[in-house]
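Chemist: Pasting a structure below so you can have a look.
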């Protein structure tokens, strides 16, 4: 695989709690220069980043991040606001507690509701594989697919 092809598959991400606009702007510049798939940033920066990059670079943000404990309503609100502010992609963290309690229908419903709130934008669902058994990984892949999400992601990077 050539370098440019590889870069076009990367979500260039900056989600540290101390992130500043100056750092987000540099991430945007790098993303545009290297032709990455998207930049993934905190929701508070979506509007400013979307205005800065225009349509040159997809903007992704995280919902229910990093622990997935937000209510379904809160995740839907976050998603709707992010889309209104210019997000092209949403990375949603599932509620791991629900998974451990085997509340698969609740997880399915939540993903479906967030997908509706995406208003046609991409939905990627983070399942935190480092916390799951093999059986739970299989169950979540099936559940996420059934719910209509566009991608499954393995980790936030915060639980490992």
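Numbering (the numbering used here), first residue to last: 14 to 173.
Using N, Cα and C, we set each Cβ at its ideal position, and we do this for glycine too.
At the level of alpha carbons, what is the spacing between residue 59 and residue 110?
Modeler: Spanning the two alpha carbons is a distance of roughly 28 Å.
Chemist: Would you give the residue range spanned by the beta strand (DSSP E) that residue 25 belongs to?
Modeler: Unbroken beta strand (DSSP E) run through residue 25: 24-26.
Chemist: Under 6 Å Cβ to Cβ from residue 45, same chain only, skipping five residues before and after it: list those, please.
Modeler: Excluding positions up to five away in sequence, the list reads 69 and 70.
Chemist: Going by beta-carbon coordinates alone, are residue 101 and residue 137 separated by less than 7 Å?
Modeler: Not a contact, by the Cβ cut-off of 7 Å.
Chemist: Taking only three categories from DSSP, how would you classify residue 49?
Modeler: Reduced to three states, the DSSP call for residue 49 is coil.
Chemist: Can you give me the C-alpha to C-alpha distance between residue 99 and residue 37, rounded to a whole angstrom?
Modeler: The alpha-carbon atoms of residue 99 and residue 37 are separated by roughly 15 Å.
Chemist: Distance, Cα to Cα, residue 15 vs residue 48?
Modeler: Each residue's Cα considered, the two are about 13 Å apart.
Chemist: What are the boundary residues of the beta strand (DSSP E) that includes residue 105?
Modeler: It spans 102-106 - the beta strand (DSSP E) in which residue 105 sits, taken as one unbroken run.
Chemist: Looking at the secondary structure, which residues open and close the alpha helix (DSSP H) in which residue 85 lies?
Modeler: From DSSP, the alpha helix (DSSP H) with residue 85 extends over 85-97.
Chemist: For residue 96 and residue 73, what's the separation of their Cα atoms in angstroms?
Modeler: For residue 96 and residue 73, the distance between alpha carbons rounds to 9 Å.
Chemist: In this structure, how does DSSP classify residue 3 when only helix, strand and coil are distinguished?
Modeler: With the chain covering only 14 through 173, there is no way to say anything about residue 3.
Chemist: Would you call the CB atoms of residue 77 and residue 106 closer than 7 Å?
Modeler: Cβ atoms of residue 77 and residue 106: closer than 7 Å.
Chemist: Would you check if the distance between the CB atom of residue 169 and the CB atom of residue 124 is smaller than 7 Å?
Modeler: In this structure, residue 124 does not lie closer than 7 Å to residue 169 by Cβ.
Chemist: Which value, in whole angstroms, describes the spacing of the CA atoms of residue 171 and residue 135?
Modeler: Roughly 22 Å separates the two Cα atoms.
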